[in-house]
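In the working numbering, the protein residues as written are 25 to 321.
So, in structure tokens, the structure goes:
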């Protein structure tokens, strides 16, 4: 995506489209800040939560520009999470999704999985800023299909650190990082049900799902928001593998259309060309009812 296209998308973001001049001024200030001042900014992510944005982080820039960079997905999470829910955030980064979920949770819990030290440092700052220490448990492990260790690639841009691909990429430093299957983790915590899970792990999504197979097959996970990443091919996984895995375990698969409505996934070819998000919803009435108002009629 080129710079002009990115600019147009930011200006037409649902939270910017009626105030394009203000959005443009924010962009100009942030670019100056990145070049000259390097001052972190605090963004009101939800009415209940703030997020610290560091100028050297590209995703933090999107938060500063738009507040909710993945607008339909983030708005849905804010709307459907309930006070007693259990929310898993796999690939938490600086914690935007965890903060959104924790905004709604009182008696439930957020479990956030993030192995990157820099992201963990910034995430913990965000937890402290919002006094969410009792709501969010940060797990310094990567979620995978292995209980043990995985080779993990640390990149120049820490936002795209990932489980090592089958073929090593250039300019990556590989380290062994502790890994855990979500089945193992959830069982050890005595969790009978996970209401919502978000997975964004730079192509290793299928490994995460395989490590959660027991809970998924038993209908013990309600809703999954998954980034289907083109890099899954580097693990010899195709998007169709992810879709069939979920469908065979009782999940309907949706994606957001241009009007931010949920549509049943029909054409899967687009997932071969670009990274996109899907929503997998268990066929149970409880899970389906949560997203009913978002479905395209």
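Beta carbons: idealized from backbone N, C-alpha and C, even for Gly.
Tell me whether the beta-carbon of residue 176 lies closer than 8 Å to the beta-carbon of residue 141.
-> Indexing the chain shown from 1 puts residue 176 at position 152. Indexing the chain shown from 1 puts residue 141 at position 117. In this structure, residue 141 does not lie closer than 8 Å to residue 176 by Cβ.
Helix or strand or just coil, what does DSSP make of residue 221?
-> Here residue 221 is taken as the residue at index 197 of the chain shown, counted from 1. Strand.
At which residues does the beta strand (DSSP E) containing residue 251 begin and terminate?
-> The residue given as residue 251 occupies position 227 in the chain shown. Residue 251 -> beta strand (DSSP E) spans 245–252.
Simplified DSSP state of residue 91, which is helix, strand or coil = Walking along the chain shown from the start, residue 91 turns up at place 67. Three-state DSSP puts residue 91 in coil, outside helix and strand.
Within its chain, find whatever has a CB closer than 7 Å to the CB of residue 128; leave out the 5 residues flanking it on each side and keep chain order.
-> Within the chain shown, the letter at position 104 stands for residue 128. Excluding positions up to five away in sequence, the list reads 102, 105, 106, 107.
Going straight from the alpha carbon of residue 83 to that of residue 213, what length do you get?
-> Locating residue 83 in the chain shown gives position 59, counting from the first residue. Locating residue 213 in the chain shown gives position 189, counting from the first residue. Rounded to the nearest angstrom, the two C-alpha atoms are 31 Å apart.
Nearest-angstrom Cα separation, counted from residue 202 out to residue 86 | Sequence index remark: in the chain shown, residue 86 carries index 62 (1-based). Sequence index remark: in the chain shown, residue 202 carries index 178 (1-based). Residue 202 has its alpha-carbon roughly 30 Å from the corresponding atom of residue 86.
Given 8 Å as the limit, is there contact between the stretch 296–305 and the stretch 238–257, that is, 3 or more CB pairs closer than that?
-> Contact holds: three or more Cβ-Cβ distances are below 8 Å.
Mind checking residue 59: buried by the 16 CB within 10 Å criterion, or exposed?
-> Numbered from 1 along the chain shown, position 35 holds the residue referred to as residue 59. Exposed, because fewer than 16 other Cβ atoms sit within 10 Å of the Cβ of residue 59.
The stretch 74–81 / the stretch 280–299 touching (three or more Cβ pairs under 8 Å) | Because the criterion of three Cβ pairs below 8 Å is not met, the stretch 74–81 and the stretch 280–299 do not touch.
Going by C-alpha distance, which of 125, 45, 172 is nearest residue 159?
-> To locate residue 159, count along the chain shown from 1; it is residue 135. Per the Cα distances, 125.
To the nearest whole angstrom, what separates the beta carbons of residue 221 and residue 112, a pair I think is in contact under 8 Å?
-> On the chain shown, residue 221 is found 197 positions in, with the first residue counted as 1. On the chain shown, residue 112 is found 88 positions in, with the first residue counted as 1. Rounded, the Cβ-Cβ distance is 4 Å, consistent with contact.
Among the residues of its own chain, which have a CB less than 6 Å from the CB of residue 133, if the five just before and after it don't count?
-> The residue you call residue 133 lines up with position 109 of the chain shown. Result list for residue 133: 110, in chain order.
Cα-Cα separation between residue 179 and residue 168, rounded to whole angstroms = To locate residue 179, count along the chain shown from 1; it is residue 155. To locate residue 168, count along the chain shown from 1; it is residue 144. Using only the alpha carbons, I get a separation of about 19 Å.
Taking residue 144 as part of the alpha helix (DSSP H), name the residues at either end of that continuous run.
-> The residue labelled residue 144 in the question sits at position 120 within the chain shown. Judged by DSSP secondary structure, residue 144 falls within the alpha helix (DSSP H) whose first and last residues are 141–154.
Tell whether a beta-carbon distance below 8 Å holds between residue 206 and residue 239.
-> As a first step, residue 206 is located in the chain shown; it is residue number 182 there, counting from the start. As a first step, residue 239 is located in the chain shown; it is residue number 215 there, counting from the start. With respect to the 8 Å criterion, residue 206 and residue 239 are classified as neighbours on the basis of their beta carbons.
Using three-state DSSP, classify residue 281 as helix, strand or coil.
-> Looking up residue 281 in the chain shown gives position 257. Three-state result, residue 281: coil.
Which residue's Cα is closest to the Cα of residue 210: 174, 161, 228?
-> For the purposes of this step, residue 210 is identified with residue 186 of the chain shown, where counting begins at 1. The residue with the shortest Cα to Cα distance from residue 210 is 161.
Contacting residues, own chain, Cβ-Cβ under 7 Å from residue 67 (five flanking each side not counted) | In the chain shown, the residue the question calls residue 67 occupies position 43. Answer for residue 67: 74, 75, 77, 87, 88, 91, listed in chain order.
May I ask you to check if the CB of residue 228 is nearer than 7 Å to at least one heavy atom of the ligand FAD?
-> As for the ligand FAD, it is missing from this structure, which has no ligand bound.
Near residue 275, which residues of its chain fall below 6 Å by C-beta distance, leaving aside the five closest residues on each side in sequence?
-> Numbered from 1 along the chain shown, position 251 holds the residue referred to as residue 275. Cβ contact annotation for residue 275 (same chain, cutoff 6 Å, sequence separation greater than five): 304, 306, in chain order.
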